[in-house]
Every structure is written in C-alpha cells, then in structure tokens.
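Numbering (this note's numbering), first residue to last: 156 to 305. Just so you know, even glycine gets a beta-carbon here, dropped at the ideal spot from N, CA and C. All values reported here derive from a predicted model rather than from experimental measurement. Encoded as structure tokens, the structure appears first; notes follow it.
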C-alpha cells in the first residue's frame, strides 16, 4: 500500500491469546464479553453451547465472532479459522469480516482456532516502522456426543 515492499523494515509485535474451556456442565457467557486486549476476537455465543445433531452427526449452528481493534470492529479484515479433522490434518480457511466486524464459521469437533493480525504504522519511532498485533482464540469441542445443552 505504501510502495515500500523492497525496503527493510522493523516492527514491534504483541500477541493476544485467549483459550475458552469448559469445566463441568455449568456454562456462562463470560467468553462472549470484550476484553482489554488491543486485538480481540469475541464469540457471539459460548462455543460449548453449540448443539450436536445426532441425526447428521454435525454441529447444528454456525458460530460468529466479532473482531475488534481497540474496541472498534475491523471491517473487511482477514481472519483464519483453523481446525484439526478426524485424521489429525490441520485445515485452514480464510474469512473476511463483514461491515460490522463479524465472521461466521462452521464450528468443527475437536480443536478450533480463530486468528488474525493487524498492522499499524508507527510514525515517530527511530527503531521500528510498524506495530503488529497478533490475536487468537482457541477452544475444543469434545469428540462424541458430549455437548452442553442450553
């Protein structure tokens, strides 16, 4: 964008990671609240409340996540959905946030990760020209029929 692709550059980086996990059968909506992380990926629903359909052996609903930078939704921003399939193969899909900062994923059984990076230009720094923010949220849906009911 800046015509600087052949120039050397330096960056500062910050990683913001979240893991959502379920202990027991009591659920809360705590994971659906924004945090103070600069780049935050916030689920609309607790991933452990997505129900399993025994007839199709699939998760019934898509889940959506909002991506915000310093509390402002990121629009048309690249986000990746990673998950391991039944054979242990890692799959990755590129998604882009909509005009309100949301992405929709087809939640998978097993380990899921939603991740993104945001780069910000630093104007008055003698060491680095960029600040990058790396964010992820991970959760694991149990294999089999153990799913929390609403």
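Counting only beta-carbon separations shorter than 7 Å, does residue i have a partner in chain D?
i           : result
residue 238 : Any reference to chain D falls outside this structure, which holds one protein chain only.
Measure the alpha-carbon distance for residue i versus residue j and round it to whole angstroms.
i           : j           : result
residue 256 : residue 223 : 7 Å
residue 193 : residue 171 : 8 Å
residue 199 : residue 242 : 29 Å
residue 162 : residue 270 : 27 Å
residue 292 : residue 282 : 30 Å
residue 177 : residue 196 : 18 Å
residue 240 : residue 294 : 14 Å
residue 201 : residue 184 : 6 Å
residue 187 : residue 160 : 38 Å
residue 304 : residue 179 : Note on residue 304: pLDDT 49, under 50, position unreliable in the model; no value is reported.
residue 228 : residue 220 : 11 Å
Apply the 10 Å Cβ neighbour rule to residue i and answer buried if 16 or more other Cβ atoms are within range, or exposed otherwise.
i           : result
residue 280 : exposed
residue 276 : exposed
residue 249 : exposed
residue 157 : exposed
residue 264 : buried
residue 168 : exposed
residue 247 : exposed
residue 225 : exposed
residue 244 : exposed
residue 217 : exposed
residue 296 : buried
Assuming residue i and residue j form a contact by the criterion Cβ under 8 Å, report the distance between their Cβ atoms to the nearest whole angstrom.
i           : j           : result
residue 287 : residue 268 : That belief does not hold up - the Cβ atoms of residue 287 and residue 268 are roughly 18 Å apart, past 8 Å.
residue 258 : residue 234 : 5 Å
residue 203 : residue 232 : About 26 Å separates the two Cβ atoms, so there is no contact after all.
residue 166 : residue 285 : 4 Å
residue 230 : residue 261 : Contact doesn't hold; Cβ gap of about 22 Å is too wide.
Can you tell me which residues form a DSSP beta bridge with residue i?
i           : result
residue 178 : Paired residues: none, contrary to the question.
residue 286 : 167 and 275
residue 173 : 292
residue 218 : 260
Counting only runs of 4+ residues fully inside the region 236 to 269, write out the alpha helix (DSSP H) ranges in chain order. none
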